[in-house]
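The structure appears below as structure tokens.
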Amino acid sequence: MAILADFMLVWLPAPTVSLRTPLAVSAGPISKFFHSCPDNAFQVAFAGTSYSLLQRIGAIVRNGAKLFGVGSSASLVGVGVTNLLINARKAIDKSFAGEAEDVPILPTSVAYGVYMSVSSNLRYQILAGVIEQRMLEPLLHQHKLVLSAVCFAVRTGNTFLGSLMWVDFARWIGIQRSRE
């Protein structure tokens, strides 16, 4: 679960390579609008291309919706498996029964989807579009290996920060209690 969620978390809001399929002729106005949005809200526009403020906001909304789906799905599977393992251990080890409780599957999954669509989405969009494209790339464009290492370190730090923020968010909304 975590591997899939982490990959999607890094790639969806800030893809390095765009894998867009051509827009269907029968696409509606909403599909056409989101197809015209950049991959990343803060992405540098290529020569001959420009994005409006509305298109950049659309990129945040589109990527947030994708991350909500990925986060909710990954959490649904992960929390379900976790509860299954907790119950299996309770059945085997009777002394463990008082130590652990089932995690609420649906509220946790929705909360994780919301967290990914808002916090993770914005952090990664800023990271890829502002920090990497607008700051690090111009500074280190002659040193690709150093650029890759710095980007890796910054993204790893962002993932660690996101994990800490998720725990705080989960406690704040009441789906995780701190141990006394």
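For the sequence shown, the positions run -18 to -1, 1 to 162 when mature numbering (1 follows the signal peptide of the UniProt record, and there is no 0) is used.
Think of the CB as a built atom: it goes at the ideal place given N, C-alpha and C, for glycine as much as any other residue.
Just so we're clear, the structure is a prediction, and the values are computed from it rather than from any experiment.
The closest CA to that of T64, considering only L49, P86 and T138, is found on P86. Annotation for C133: E114 and L118 place their beta carbon closer than 7 angstroms to its own, counting only its chain and skipping 5 residues before and after. Judged by DSSP in its simplified three-state form, D21 adopts coil rather than helix or strand. When secondary structure is reduced to three states using DSSP, Y94 falls in the helix class. Contact check for G95 against F50 passes: the beta carbons are separated by less than 9 angstroms. Bounds of the alpha helix (DSSP H) holding F134 are K126 to I155. When secondary structure is reduced to three states using DSSP, Q37 falls in the helix class.
According to the DSSP assignment, L121 belongs to the alpha helix (DSSP H) that extends over E119 to L122. For R159, no alpha helix (DSSP H) segment is defined, and its DSSP state is neither H nor E.
Around the C-beta of S34, fewer than 16 other C-beta atoms lie within 10 Å, and the residue is accordingly described as exposed.
Between N140 and Y106, the gap from beta carbon to beta carbon is short of 9 angstroms.
For G111, the three-state secondary structure derived from DSSP is helix.
R71 has its alpha-carbon roughly 55 angstroms from the corresponding atom of F28. Note on geometry: alpha-carbon atoms of G111 and P11 lie some 26 angstroms from one another. Looking from the CA of A23, the closest CA among R116, H125 and R137 belongs to R116. In this structure, S18 sits near G40, with a CB-CB distance shorter than 9 angstroms. DSSP, reduced to helix, strand and coil, places P86 outside both helices and strands of the structure shown, so it counts as coil.
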